[in-house]
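What follows is a short report on a single structure.
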Amino acid sequence: MEKNILDYNTVELDESDNSVIIIDQTLLPGKTELIKLKEAQEIWDAIYLLKVRGAPAIGVAAAYGLYVLAVQIRNKVVGSHDEIEVFYEEFVKEKEFLNSSRPTAVNLSWALNRMDDCCQNAMKKGMSLNEIVEELRKESIAIQDEDINTCKMIGEYGLSLVKKGDGILTHCNAGQLATSKYGTATAPIYLGHERGYEFKVFADETRPLLQGARLTSYELHSAGIDVTLICDNMSGMVMKNGWVNAVFVGCDRVAANGDVANKIGTSVVATVAKRYGVPVYICAPTSTIDLNTPTGKDIKIEQRPAEEVTKMWYKEPMAPEGVKVFNPAFDVTDNELVTAIITEYGIARAPYNESLKAILDKKNK
Ligand code: MRU
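The sequence shown maps to residues -15 to 349 in our numbering.
Okay, here's the thing in structure tokens:
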């Protein structure tokens, strides 16, 4: 029997082969192909080209990637003079390189910094090179394990905000394919499905890379959830018709004031939702909260190649050759359009400067 897409791990560490295995998401839903990543450039490309994508999955892939590279560096430098110093120098170079693959999702630098902290702590404790690398292995696995539990908790909190039979709209893919399990925005949907909530989900197709059509509608449909795919310009109509009781979306970075960066088009959905009185819930693991970024204006928005808008997915180009194109991958939704931010440590509401800090204090207690 053919495997369901939800039976695959989005990201996996293959210790037998010292590699990271991912589903190549650029080929979904037509083809399920697992690819192995070993070299720094392969890992960087996989993240940049969105073969692995979604803020938490990028973090997990980068952590595993850095571990895989750490093993290679160890094998190269072991036994040399000052082996730990030489190891750490190379390790930091690879970390910086991976960190340059995509700028907006803070989970990338969060996961890489966590690996770096782990490495420095092990060095401070006077561990041997092998022991340091073993600590890095454990840390990368912990990052993935925690992601599963985090998504589950977001699902529980999210589920408390909706009722049976509700219509839910989501944008882009903040699903299992963007995380290790459950997704963030889809976690309340999956948990509700297990408990007989019978949600009716609307998935925005999400131009230009169609994560909603190719990934969200695919994974929800594969789970047997009632999902309807709509074009990005239809969310106003379905909300006006009264078919949507809540918007659940993921996010790539939450600024200290509660402005949130997520897939381009999220701010349009949030604006329309406000017009029709539909609550907008941002599902964000605490690893996505960045109190060092004061407001949405300070978030670096990734710009992507024009061809994603003009040519990709079409048999023939759908725009005149050389036309000017604006292709930001994300936009910022102003905090006043956000009803609540759902984290694994609880639900934050305005004023976000206070509530987000309280959530992180709870985490660090
Ligand atoms: O460009 P992508 O596909 O990586 O964008 C993904 C999103 O915008 C998601 O909503 C976000 O990363 C949250 S994933 C749980």
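Just so it is clear, CB atoms sit at the ideal spot from N, CA and C, and this is done for glycine as well.
Where does residue i land, buried or exposed, given buried means 16+ other C-beta within 10 angstroms?
i, result
"residue 40", "buried"
"residue 94", "buried"
"residue 164", "buried"
"residue 183", "buried"
"residue 140", "exposed"
"residue 193", "buried"
"residue 28", "buried"
"residue 333", "exposed"
"residue 160", "buried"
According to the Cβ coordinates, are residue i and residue j closer than 8 Å?
i, j, result
"residue 315", "residue 249", "yes"
"residue 187", "residue 235", "no"
"residue 337", "residue 241", "yes"
"residue 13", "residue 202", "yes"
"residue 18", "residue 49", "no"
"residue -11", "residue 16", "yes"
"residue 168", "residue 138", "yes"
"residue 222", "residue 228", "yes"
"residue 258", "residue 155", "no"
"residue 158", "residue 38", "yes"
"residue 57", "residue 69", "no"
"residue 214", "residue 189", "yes"
"residue 265", "residue 224", "no"
"residue 44", "residue -5", "yes"
When every heavy atom of ligand 1 is checked, does at least one fall within less than 7 Å of the C-beta of residue i?
i, result
"residue 34", "yes"
"residue 404", "The structure shown has nothing for residue 404, since the chain only spans -15 to 349."
"residue 58", "no"
"residue 37", "yes"
"residue 236", "yes"
"residue 10", "no"
"residue 233", "yes"
"residue 187", "no"
"residue 163", "yes"
"residue 95", "no"
"residue 195", "yes"
"residue 290", "no"
"residue 247", "yes"
"residue 303", "no"
"residue 311", "no"
"residue 167", "yes"
From the DSSP output, in three-state form, read off residue i for me.
i, result
"residue 326", "strand"
"residue 127", "helix"
"residue 312", "strand"
"residue 198", "helix"
"residue 48", "helix"
"residue 280", "helix"
"residue 274", "strand"
"residue 163", "coil"
"residue 184", "strand"
"residue 35", "coil"
Suppose you measure from the CA of residue i to the CA of residue j; what does that come to, to the nearest Å?
i, j, result
"residue 149", "residue 195", "25 Å"
"residue 36", "residue -7", "11 Å"
"residue 0", "residue 274", "35 Å"
"residue 207", "residue 313", "28 Å"
"residue 318", "residue 112", "48 Å"
"residue 61", "residue 72", "10 Å"
"residue 51", "residue 289", "30 Å"
"residue 116", "residue 84", "24 Å"
"residue 108", "residue 298", "55 Å"
"residue 252", "residue 65", "57 Å"
"residue 104", "residue 96", "12 Å"
"residue 199", "residue 272", "21 Å"
"residue 390", "residue 244", "Residue 390 falls outside the range modelled here, since the chain spans only -15 to 349, and no answer is possible."
"residue 270", "residue 114", "31 Å"
Cβ of residue i within 7 Å of any heavy atom in ligand 3?
i, result
"residue 40", "In the structure shown, ligand 3 is absent; the only ligands present are ligand 1."
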